[in-house]
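Just below is one structure, and these are the notes that go with it.
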Amino acid sequence: MSFFLLSFTSLFTLMNPFGVVPVFVSMTSGMDKRQLRRLALRTCITATLCLFFFALSGHFLFSFFNISINSLRVVGGVLFFIMGYDMLQARISRLKDHEPQEINSLGENAAITPLAIPMLSGPGTITAVIVLMRDAEGIIMQSYVLLAVLLTGTASFIILYLSKNITAVIGETGNKVFLRLMGLIVMMTAVEFFFAGVKPFVQSWLK
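So for the sequence shown, this note's numbering puts the first residue at 12; every next one is plus one.
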């Protein structure tokens, strides 16, 4: 159960649906409830399927490109730290190149790119799900990772669907506070990933 909680909290903080809320609210301002629900559902289904794909195919990708899990941990740790730092500064680095007006012009195609990929299932989230699947021992623990992906996608849908209500309740200041808290968690996760990857290399050099 502890591995499931680790998987869920890691994926949820890295996917960070609350960080997507401001852009989602902006682009759905002229939509009715049915259109908003359809866009949120399509976005989260696409992001979830993307993570399922990398969770199930990560092993084959590692073998094909001859990549070690520890190398991915080191790179992932650096990537997570940068993402966490941006979040701690109340910035969303994944959104810098996508203005709300630009996304709005894409219509429902925005559910796939950029909302689902790379805003929700970006490089950090994909790296995390691959590492978690490699760390999972046996089918039961691997199923925990897949369940965590499914629950993260479901939670993201609920958050996006209720995005206007969330914005009205917590406001911009509340969203920034929550974003900084998530950033702190991501940075702590980054340190764990980085040193877990570096440790085997250091041990091999000292032998």
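C-beta atoms are modelled at their ideal positions from N, C-alpha and C, and glycine is treated no differently. As the structure is a prediction and not an experimental result, all values here were calculated from the model.
Residue i and residue j closer than 8 Å at C-beta
i	j	result
GLY88	PHE205	yes
LEU60	PHE168	no
VAL197	LEU62	no
GLY30	LEU190	yes
PRO28	LEU131	yes
LEU22	TYR172	no
LEU25	THR136	yes
Residue i, enclosing alpha helix (DSSP H) - first and last residue
i	result
SER21	13–26
ILE5	Nothing can be reported for residue 5: it is not among the residues displayed for the chain, which extend from 12 to 218.
CA-to-CA distance, residue j to residue i, given in whole angstroms
i	j	result
PRO211	LEU90	19 Å
THR178	ASN120	24 Å
THR138	SER40	33 Å
VAL156	ASP97	26 Å
TRP216	VAL202	21 Å
LEU99	GLY194	5 Å
Three-state secondary structure assigned by DSSP to residue i
i	result
LYS44	helix
LYS218	coil
GLY208	helix
ALA147	coil
THR163	helix
THR200	helix
ASN176	helix
Own chain residues within Cβ distance below 6 Å of residue i, not counting five before or after
i	result
ILE80	ARG145
ALA207	ARG84
Residues near residue i by beta carbon distance below 8 Å, same chain, minus five either side
i	result
MET42	LEU50
Cut-off 7 Å between Cβ atoms - residues of its own chain near residue i, not counting five sequence neighbours on either side
i	result
VAL209	VAL85
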